[in-house]
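These notes are about the structure you will find just below.
Protein chains: 2
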Amino acid sequence: MDAVLQYLQTNQQTALDELFEFLSIPSVSADSAFQPEMQRCAEFVRNAMTKAGLTAEIIPTKGHPIVYGERIEDPSLPTVLVYGHYDVQPPDPLNLWTTPPFEPQIRDGKIFARGATDDKGQLFTHLKSIQAWTETTGKLPVNVKFLIEGEEEVGSDNLEHFLQAHKERLKADVAVISDTSQYGDGIPAITYGLRGIIAAEVRLTGPSKDLHSGIYGGSIANPANAVAKLCGALVGDDGRVQIPGFYDDVAELSAMEKQQFADLPFSETGFLNEIGSGALFGEEGFTTLERRWARPTCDINGIFGGYTGEGPKTIVPSKATAKITCRLVPGQNPEKIMDSLKSFLQERCPPGVKFEFQSFHGCEAFAFDPTSPWITAASEAVETAFGKAPVFIREGGSIPVVSSFQQILGIDTLLLGWGRNTDNLHSPDEHFYVKDFHNGILASTHLWPKLAAVEA
Amino acid sequence: MDAVLQYLQTNQQTALDELFEFLSIPSVSADSAFQPEMQRCAEFVRNAMTKAGLTAEIIPTKGHPIVYGERIEDPSLPTVLVYGHYDVQPPDPLNLWTTPPFEPQIRDGKIFARGATDDKGQLFTHLKSIQAWTETTGKLPVNVKFLIEGEEEVGSDNLEHFLQAHKERLKADVAVISDTSQYGDGIPAITYGLRGIIAAEVRLTGPSKDLHSGIYGGSIANPANAVAKLCGALVGDDGRVQIPGFYDDVAELSAMEKQQFADLPFSETGFLNEIGSGALFGEEGFTTLERRWARPTCDINGIFGGYTGEGPKTIVPSKATAKITCRLVPGQNPEKIMDSLKSFLQERCPPGVKFEFQSFHGCEAFAFDPTSPWITAASEAVETAFGKAPVFIREGGSIPVVSSFQQILGIDTLLLGWGRNTDNLHSPDEHFYVKDFHNGILASTHLWPKLAAVEA
């Protein structure tokens, strides 16, 4: 182990240089214009796997390719499936970035780039720790399988099919994902629950073209008024989602969980400063952490229709669109909620406005028992690397693959986050602390022998 | 008169060529990028006035310049003030135009270009008729003053100041504006009423940047949900505007007016086909013509916030905006309605969302007595040119200058529309029938001696 740790020390700059190369590739999965960059990025990941001592290949899907690599040391050892994603969120609005999103730069001890923490920087720690083990000792304490996909930010449409098709090949004892966050500065965390998600788009079409609002206004339904009417009804003044039955199957938090959340250091003022907002707002009767981690939501992610340029334009627009996501909690069924959302919107659509509804993807929420020995093993590795025992928290985000691993492969997932939720995920100036990157590699390095010991 | 009519016949192609030159100038007043084109367009208008025998000049304002020209034949003759505007609506969405908006083309007897009917093509008829009179007879039957502005499509912000400042110079007995439409194919019309307007923009800001909807969703108000909530409440399911007091001062239609509207040929099916809409929708208890001409509205002209690209993006957006116009009818006070609109929106704004409200411009509705001798004179001129007596109608659009002329100059306005409301005003593929253009010149040519006779 000493030799492995010495190797990490010696190769810190190399690891950082390689990460920069990874971050320079604009692998935006949502926008088809970036297709060639997705392929280039997959090749980068495959090469990094090979360097780490894995047998690796790029496997095409109907969408962006999956990169798969493995190293089976000994069938009697436990097998760990590591998951990550090489695709990133669209970088817009570009003008709000201090430096270009695909030209990584270190400022104030942070690596700034789209994907720095979500998820390139985090997944890369596991490849570097594996490389440290193989290059130093010639072998690994466990068997590893790496599954790195390119469609996480667009709903992982082809992943489930891949998991089903390669069920045997992907067989493992536990999964590891680093795509979550620490709880705060100096407070590492293991995440034991995630919210689920559904995402949809509603498109309304009224007249076949934009019309003069003087000549026609008042005589036909306006799709922009309609999109506002439909979407404006989704959340009540009490912060509760108004879709009928929305809360029916929600698993309420236990008293112990409420207490654990309440014990965590949390400053409402600090939180508001962090996000640059003037006041909290959410479901009545719940704390901010409860609202973020364990209560469902309905957010409009984008709304647009009609004239968006400078000054006024006196039209009745032809079309209006809204993009909507609901975050789900344990108990809620994505399909049922999607159907209810659609009905809720459709029945509010005025005459003469064509209603189109597209559902993108959905996944159930996830929560598992924090007393499992896998969790204990991971906790020890994290404590060794970060110098402090992790707290056990939930996350408000969605990692659909976690429920797929449970359903298809029958394994639990260790959510080990090296980043911070102040890292501007999905926002301009996304970043990842250099220190978190190196500590992540260190924790990952300790993780393999700890996991090996679980089965022993 | 015969010589003048002969001149028109001979110069039909020249008039059309000159109009094409006029239409080729992209004089978009709403977008500051087109500033140089606005100046070029003003110069074109000044030159056209000079050609017509007027003394003309370009007068700068705080915004786009006004072009003014006059010809005083004899102080004892009546003086007619002709108003028009050389600015046009923004042409977007560009991809819906069959041919580029600023490359005029004739297809199926129609001139296609932005501004073809609103208002370049229509105002140009008066310059051509004046030119026919001066070039043929060396004089005019009346004194004329031409006031052609460049800010009609952005609220004529500097016009009122101009009218106040040049009150004496602009003194006239009656005004003429051709910026309305015929009632239908072969049914010329004189418009005796117009709706007023207020225009505003509401800008909502939540967090200082777009946030991950998983990490933050549920704990702060989402500006996109908020803009939908505010705007979605504006119009009820019964088609009535929900702003308190909105209908308090509305002048109801007289039984005679209701009958006149009911007597006009109108096909609901034809109307829906014309605009490509599947069903009518509007204020309960009123016919479509009543809703369009004599009932107030509240339309969202544009709404936008958050992600508008391809696919989903899981964010809580930082900002959301809506552009709103209300059409007003006689009795309603624009300032009072603007204040009520602002309050209505502001009191629905959730905590943590910054509310900004910008009002662009407003004007009262207009309606005058159709038995005036000026109207009779104009009616005779129109009948001679178009071969049919005009019907007396209202218009749903707003021409703020009409109320300014009334208030500041103390004169009534003859609204003589040569276009059709199927001409795609403010929409892609705006056009003007070649026949309407030539008939307009003819009617204008007959108008001057008819108006001269009123005062005799």
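Those sequence lines, one after another, are chains A and B. The first sequence begins at 1 in the working numbering and counts up one residue at a time. The second sequence begins at 457 in the working numbering and counts up one residue at a time. Idealized CB from N, CA, C, for every residue including glycine. Bear in mind the structure is a predicted one, so any value in this text is a computation, not a measurement.
Consult DSSP for residue i and reduce its assignment to one of helix, strand or coil.
i, result
"B:G758", "strand"
"B:T554", "coil"
"A:A456", "Confidence at A:A456 is low in this model, with a pLDDT of 49, below 50, so its placement is unreliable and no value can be given for it."
"A:N273", "helix"
"B:S815", "strand"
"A:E335", "helix"
"B:C497", "helix"
"B:C805", "coil"
"B:Q545", "coil"
"B:T593", "helix"
"B:T764", "coil"
"A:T376", "helix"
"A:F266", "coil"
"A:E257", "helix"
"B:H622", "coil"
"A:F405", "helix"
"A:Y183", "coil"
"A:L471", "One cannot answer for residue 471 of chain A here, as it falls past the ends of chain A, which runs 1 to 456."
"B:T573", "coil"
"B:R502", "helix"
"A:V250", "coil"
"A:T288", "helix"
"B:E513", "strand"
Which value, in whole angstroms, describes the spacing of the CA atoms of residue i and residue j?
i, j, result
"B:L550", "A:G305", "15 Å"
"B:M794", "B:Q863", "20 Å"
"A:G69", "A:V82", "10 Å"
"A:H438", "A:V454", "25 Å"
"A:T79", "A:V144", "6 Å"
"B:T878", "B:A841", "21 Å"
"B:P482", "B:P492", "10 Å"
"A:A456", "A:L123", "Low per-residue confidence applies at A:A456: pLDDT is 49, beneath 50, and the placement is therefore not dependable, though the value from the model is reported in the following sentence. Those two C-alpha atoms are separated by around 27 Å."
"B:I633", "B:P560", "23 Å"
"A:P334", "A:I198", "6 Å"
"B:R850", "A:S213", "15 Å"
"B:G692", "A:K313", "23 Å"
"A:E168", "A:A132", "28 Å"
"B:G843", "B:Q715", "25 Å"
Taking all protein chains shown into account, decide if residue i is buried (16 or more other Cβ within 10 angstroms of its Cβ) or exposed.
i, result
"A:S76", "exposed"
"B:A498", "buried"
"A:T98", "exposed"
"A:M1", "exposed"
"A:E347", "exposed"
"A:P435", "The sequence given here places Lys at residue 435 of chain A; Pro does not occur at that position. Exposed, since its Cβ has fewer than 16 Cβ neighbours within 10 Å."
"B:K779", "buried"
"B:N757", "buried"
"A:P428", "buried"
"A:H161", "exposed"
"B:P829", "exposed"
For residue i, which residues in chain B fall below 8 Å Cβ to Cβ?
i, result
"A:N225", "C687, G688, L690, V691, C754, D755, I756"
"A:P65", "Per Cβ cutoff of 8 Å: no residues; A:P65 is ~18 Å from chain B at best."
"A:V316", "D755, N757"
"A:V154", "G767, P768"
"A:T269", "Simply none; closest approach about 13 Å."
Closer than 9 Å by beta-carbon distance: list the chain B residues that pair up with residue i, in chain order.
i, result
"A:V391", "Simply none; closest approach about 16 Å."
Under 7 Å between beta-carbons, which chain A residues line up against residue i? List them in chain order, please.
i, result
"B:T764", "G302, F304"
Under 8 Å Cβ-Cβ, which residues of chain A neighbour residue i?
i, result
"B:I816", "First, the amino acid is wrong: residue 816 of chain B is Phe here, not Ile. Simply G311, P312."
"B:R783", "S213, G214, G217, G218"
Between residue i and the ligand FAD, is the CB less than 7 Å from at least one heavy atom?
i, result
"A:D173", "Among the ligands in the structure shown, none appear at all, so the ligand FAD cannot be discussed."
| task | Could you please tell me which residues of the segment 625 to 654 of chain B, in chain order, have their CB closer than 9 Å to any CB of chain A? | result | Taking 9 Å as the cut-off between beta carbons, the residues of the segment 625 to 654 of chain B near chain A are S637, L650, R651, I653, in sequence order.
| task | Please list the residues of the segment 543 to 557 of chain B that have a C-beta atom closer than 9 Å to any C-beta atom in chain A, keeping them in chain order. | result | Of all residues in the segment 543 to 557 of chain B, those with a C-beta nearer than 9 Å to a C-beta of chain A are Q545, P546, D548, P549, L552, reading in chain order.
| query | Taking a cut of 8 Å between CB atoms, which residues from the segment 276 to 297 of chain A lie near chain B? | reply | So the list reads G276, S277, G278, A279, L280, F281, G282, E283, T288, R291, R292, R295, P296, T297, given in the order they occur along the chain.
| task | Could you please tell me which residues of the segment 199 to 222 of chain A, in chain order, have their CB closer than 7 Å to any CB of chain B? | result | Residues of the segment 199 to 222 of chain A with a C-beta atom less than 7 Å from some C-beta of chain B are A199, G206, P207, S208, K209, D210, L211, H212, S213, G214, I215, Y216, G217, G218, S219, I220, A221, N222, listed in chain order.
| query | Relative to chain A, which residues along the segment 866 to 884 of chain B have a C-beta separation below 8 Å, given in chain order? | reply | Correct list: N877, N880, L881, H882, S883, P884.
| the segment 796 to 813 of chain B: which residues have C-beta closer than 9 Å to a C-beta of chain A, in chain order? | For the segment 796 to 813 of chain B, the beta-carbon criterion of a distance under 9 Å to any beta-carbon of chain A is satisfied by R804, P806, P807, G808, V809, K810.
| Against chain A: residues of the segment 469 to 487 of chain B by CB proximity under 9 Å | Here the close residues are S485, A486, D487.
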